[in-house]
């Protein structure tokens with residue numbers, strides 16, 4: 001639809017950020033918060049409109065738009081455009097982003113106690129950056145938004161976080177910067193080799209995708225590996241994951257929600273965008289190796305999560321484990337696996353946001369996250385226990401909840417894969433029982449064991465928190481029952497990738 | 001081939017003196033000896049210029065490096081002499097040996113490069129070419145004046161401005177006032 | 001044999017080049033190892049002289065019509081003299097405050113200074 | 001008449017500057033101390049006039065003047081413009097430096113103009129003699145500027161600068177003498193033409209390496225970089241701003257010309273320069289981690305930035321040159337912005353220690369925003385010019401050949417290190433501390449504030465709309 005502007009979609013949060021940062025709002029906390037929430041809900045409704053008018057069967061990019069400056073493109077001498085567009089996958093991620101940001105803003109009330117103006121403007125800046133990543137149709141634009149996301153994240157973790165927050169924020173930035181420089185190198189090589197083969201300077205994804213099969217195979221693999229390093233840091237894949245637990249533990253709850261639900265998905269999204277759509281042949285060769293990484297990711301982090309005593313760390317490590325499942329789905333190289341991976345991305349986005357919210361609520365009331373100091377909270381917080389139960393079961397993969405569909409599809413895809421990975425997959429499924437173990441242990445120790453005297457007086461969840469959790473539970477239930485609603489949207493994109501892979 | 005014995009002797013005399021005094025100057029215990037040796041080096045250099053036919057340069061060299069600069073140095077030395085510690089000699093840190101090693105390598109490689117260029121270079125002239133002294137000094141001054149006032153007139157003007165700026169700049173250094181205000 | 005004798009005793013361009021090279025390296029060596037600031041300055045002068053010998057030798061062997069080398073060397077003598085004089089003036093100012101000619105007293109270099 | 005024609009065609013900006021230098025000197029003899037403000041405005045006027053004369057469109061692509069000693073093409077005009085604009089901004093930052101020594105205001109401004117003059121002639125030099133004299137003009141004026149501050153610290157810095165400068169120029173001239181011996185010329189174009197017919201020997205490469213090693217001093221890269229931290233710390237900040245920008249820009253301008261014309265036949269030189277650049281990047285970035293003083297940190301940062309540019313300059317091609325030009329444009333504004341912030345802090349009685357920056361974000365939000373923008377620009381975060389310029393620079397290196405990829409990877413890893421120390425500055429500003437009293441910056445130097453805001457704005461604007469400037473850079477690079 002012509003009157004839906006993707007530019008407005010991406011840059012309106014930036015305007016909101018500027019408004020908040022300027023002296024327009026003074027230091028009135030309530031007004032700032034109301035404005036933010038109102039704006040975020042409007043933005044969410046706007047993204048829903050995009051979904052309504054989206055044609056899922058159309059194989060290509062909808063809502064395509066370029067920005068020009070005084071008649072020239074963004075960086076004309078390098079052939080780079082500021083071009084945005086949505087395909088099924090980006091649309092899903094955009095809606096998830098807008099949804100989670102709205103919930104995070106609602107959840108901010110009880111978590112953020114100081115520097116409101118700065119906080120909310122940073123959140124909106126982050127939203128622009130993330131939306132830019134998902135909608136960019138140009139490699140360098142993608143990279144720019146990818147890097148831009150670091151600035152607000154640095155402040156969000158460092159300024160409102162816990163004790164070691166500044167160090168964690170620095171670690172987060174340095175790890176991501178390290179990865180993204182390799183990614184930049186990969187992008188530069190893509191750009192250059194496209195120029196060398198076709199003689200036109202461009203960063204457009206669809207044009208690069210046409211020319212990549214002409215590259216020398218060795219170069220394709222090198223570029224693919226360079227790009228993978230960048231995404232692996234973000235995703236994270238195991239040897240490069242050490243920033244994540246720290247960042248999660250020290251970040252305030254809303255930021256943790258955003259980090260787990262959206263920023264980790266950027267890594268997987270990047271792998272689909274670059275490694276699978278642009279360099280399918282190289283990905284086909286790398287996939288068997290990546291499977292090993294994925295399995296290690298699943299097993300190792302599940303084991304680590306089991307040995308943790310900090311609630312937030314358990315959830316953080318389980319996130320890494322879940323991203324391993326996504327990677328396994330992507331490496332299975334068939335439609336079922338791909339659909340499973342994308343579904344798992346959405347599912348984990350919703351579930352992990354809920355779990356972090358849960359942990360945050362407990363932390364606000366008890367000032368501790370140590371599992372041994374908690375116990376029996378179910379008696380005083382029955383509503384929270386109900387939500388916690390549903391979310392944990394979803395994370396474990398109970399049928400009819402959203403987590404089940406993703407995992408089931410991924411493992412089905414992996415078993416049917418042309419690659420000989422049945423043994424690994426079996427191992428992974430076996431180990432996944434562990435995830436049930438640590439999740440149930442978390443539930444048991446916090447909600448059902450003997451209650452300590454000091455926790456007697458604490459109150460159940462407030463309305464704000466209820467809204468957040470309830471919204472998440474709705475999604476968890478709905479897509480658990482109607483998974484095709486998601487899968488239909490991304491199907492064209494995935495079949496398209498599959499066609500390239502089959503050649 | 002006929003060898004001009006006198007010229008050889010003169011060259012080796014000057015060159016030997018130069019290297020000897022340069023080494024002396026660096027390894028001398030007292031700064032004054034060091035300066036004296038340096039003056040000898042400058043005079044020997046002037047002699048080398050004479051052999052090469054650069055009379056004018058030689059005269060300027062003697063005037064400036066033989067006389068003016070040493071006087072400045074002597075003033076500086078007199079100014080500091082009573083506070084001078086004889087232990088201030090040369091450093092025997094690791095960097096002494098490293099620099100010795102590095103410069104030795106540099107020396108050998110440059111010797112090699114010069115030697116190979118001498119024999120192999122297409123304008124091999126380097127070894128065969130005989131120095132052609134000027135028939136009359138008029139020719140040399142003609143060339144020099146053309147260099148100064150035609151070819152490099154811009155650089156010459158710039159140099160004059162530079163000297164002017166040095167004078168202006170030294171006035172900003174505030175030699176005497178500054179010293180008092182520091183104490 | 002005769003050839004080698006010729007090489008040694010028949011004064012050619014390469015004699016001057018070697019002389020200049022040795023003097024240059026002595027100067028460089030001196031700037032690095034000298035502990036006395038004034039000696040560092042003197043060593044710099046040696047390097048300058050070596051460069052001048054090079055220029056004059058090349059000019060008188062190859063370029064005796066235009067004599068660019070002679071001109072360059074004269075320019076360099078002037079610049080070098082000014083540089084030395086200036087260095088001594090600033091040395092005078094510096095010395096008044098610190099009362100030392102030892103390079104090590106002025107050494108901070110790339111280290112950390114708090 | 002030839003002389004006059006040369007002047008009107010190609011030397012107008014330089015002659016304007018010379019006229020204003022002489023004017024300043026004459027006024028310094030006759031005017032009283034209380035007219036010290038006049039000096040600054042005269043300088044501003046001079047630079048402005050020179051800039052406007054500089055942008056005069058060239059009718060012919062290349063002019064030679066003074067028997068080929070001077071060259072004027074679009075490339076040099078671009079560099080002249082760059083130098084003049086950056087010094088135009090820097091002149092406004094000198095208020096604090098002059099305030100303690102008003103009786104020397106005219107001399108000070110004459111010296112600044114001389115630095116500019118030296119940079120202008122250096123960029124347009126076409127033979128080694130003119131180049132050397134321009135270099136020394138620039139250098140001598142710089143000595144006095146560094147020594148201008150009261151106290152012996154600045155004298156010590158000057159002495160270090162002077163000695164290293166003398167050694168560096170000796171090494172440079174040693175190389176030049178060999179080049180002269182091999183070819184018999186001092187003129188760039190003649191040396192270039194000489195080797196069209198004859199094969200360069202190894203001695204030629206050695207001479208080229210000597211020449212560039214001598215030049216690296218002014219760039220602040222490794223063989224002579226040790227003292228640069230002391231010099232940056234001890235000299236007064238506005239002078240350091242000048243020192244970190246004008247000589248470097250001019251030196252890169254002439255270095256590119258050298259590498260395109262007389263030194264273009266040496267393959268060894270490329271590798272030596274690349275090695276120097278990589279080693280400097282490692283050295284400077286690792287050193288900067290430990291620095292607690294913002295000026296010393298900026299010294300390391302400017303060294304590292306010079307290394308990135310040197311890397312690209314050494315891989316000579318027209319495209320690389322255009323990226324270098326854009327990098328310099330971006331770097332100038334970010335660097336001036338950062339130094340303007342440091343000057344504002346100094347004039348409000350803050351010391352240069354990083355831990356004194358605490359609470360700034362809450363007491364002076366706008367100042368912090370601009371300062372952080374410039375710092376993040378230097379680190380290379382997006383929507384600043386630093387991001388675009390780094391991408392553009394690396395795209396040049398990446399397309400220069402696979403041989404340089406390992407070096408590029410090392411360079412990128414050092415950039416990760418640099419992000420750490422740049423972010424540390426920002427971190428301190430956002431840190432809340434109860435022990436340090438929250439002080440509001442006294443905006444005594446309004447001109448510095450304006451410069452800071454302008455630079456931050458330009459940094460952001462260049463980061464969003466770089467297209468036109470990059471096109472300009474490419475146009476100029478094709479015209480070398």
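Protein chains in written order, with our numbering: chain A, 1 to 503; chain B, 1 to 183; chain C, 1 to 114; chain D, 1 to 480. We put the beta carbon where it would ideally sit given N, CA and C, even for glycine.
- Rounded to the nearest whole angstrom, the C-alpha separation of residue 136/D and residue 111/D is 13 Å.
- For the C-beta of residue 471/D, the chain A residues within less than 8 Å are, from N- to C-terminus, 72, 76, 77.
- A Cβ-Cβ distance of about 6 Å is found for the pair residue 77/C and residue 64/B, placing them in contact under the 8 Å criterion.
- For residue 80/B, none of the residues of chain D pass the 7 Å Cβ criterion, the least Cβ distance being about 14 Å.
- For residue 37/D, the closest alpha carbon among the candidates 77/D, 89/D, 101/D is that of 101/D.
- For a cut-off of 8 Å, the C-beta gap from residue 153/B to residue 66/D is around 6 Å, short enough to register as a contact.
- Put simply, the backbone Cα of residue 394/A is about 20 Å away from that of residue 381/A.
- Residue 68/C belongs to the set of residues whose beta carbon lies under 8 Å from a beta carbon in chain D.
- For the segment 136-158 of chain B, the beta-carbon criterion of a distance under 8 Å to any beta-carbon of chain D is satisfied by 150, 151, 152, 153, 154, 155, 158.
- No Cβ-Cβ contact shorter than 8 Å links residue 86/D with residue 191/A.
- Counting of Cβ neighbours within 10 angstroms places residue 432/D among the exposed residues, the total staying below 16.
- Under DSSP, residue 86/A forms a beta bridge with 62/A.
- Closer than 8 Å to the CB of residue 172/B there is at least one CB belonging to chain D.
- Closest by C-alpha distance to residue 74/C, out of 64/C, 88/C, 53/C, 4/C, is 53/C.
- Collapsing the DSSP output to three states places residue 65/D in a strand.
- Annotation for residue 225/A: no beta strand (DSSP E) segment contains it, though the alpha helix (DSSP H) segment containing it runs 217-234.
- Residue 53/A sits in coil when the DSSP states are folded into three classes, being neither helix nor strand.
- Contact check for residue 118/D against residue 104/D fails: the beta carbons are separated by 8 Å or more.
- Within the segment 147-168 of chain A, 147, 148, 150, 151, 154, 155, 158, 159, 166 place their CB atoms closer than 8 Å to a CB of chain D, listed in sequence order.
- Note: residue 136/A is bridge-paired with 84/A in the DSSP secondary-structure output.
- For residue 171/B, the uninterrupted alpha helix (DSSP H) segment begins and ends at 153-173.
- Annotation: the segment 346-382 of chain D contains the following complete segments of the alpha helix (DSSP H) (minimum length 4 residues), in chain order: 360-363, 365-379.
- In this structure, the straight-line span from the alpha carbon of residue 49/B to that of residue 102/C is close to 34 Å.
- In the displayed model, residue 67/A falls within a strand according to three-state DSSP.
- Annotation: residue 237/A to residue 314/A spans about 17 Å, alpha carbon to alpha carbon.
- Pairing residue 255/A with residue 172/D, the inter-Cα distance amounts to about 56 Å.
- Counting along the chain, residue 70/D sits inside the beta strand (DSSP E) bounded by residues 70-72.
- At a cut-off of 8 Å between beta carbons, residue 186/D contacts chain C.
- No Cβ of chain A is located within less than 8 Å of the beta carbon of residue 333/D.
- For residue 288/D, the secondary structure class from DSSP, reduced to helix, strand or coil, is helix.
- When rounded, the separation of the alpha-carbon atoms in residue 187/A and residue 441/D is 43 Å.
- Annotation: residue 13/B to residue 233/D spans about 49 Å, alpha carbon to alpha carbon.
- Contact note: residue 53/B reaches chain C through 60, using a C-beta cutoff of 7 Å and chain order.
- Relative to the Cα of residue 312/D, the nearest Cα in the group 300/D, 325/D, 302/D, 303/D belongs to 325/D.
- Non-local beta-carbon contacts of residue 57/B in its own chain, meaning distances under 6 Å to residues more than five positions away in sequence, involve 49 in chain order.
- Fewer than three pairs of CB atoms, one per stretch, sit closer than 8 Å, so the segment 159-170 of chain A makes no contact with the segment 23-30 of chain A.
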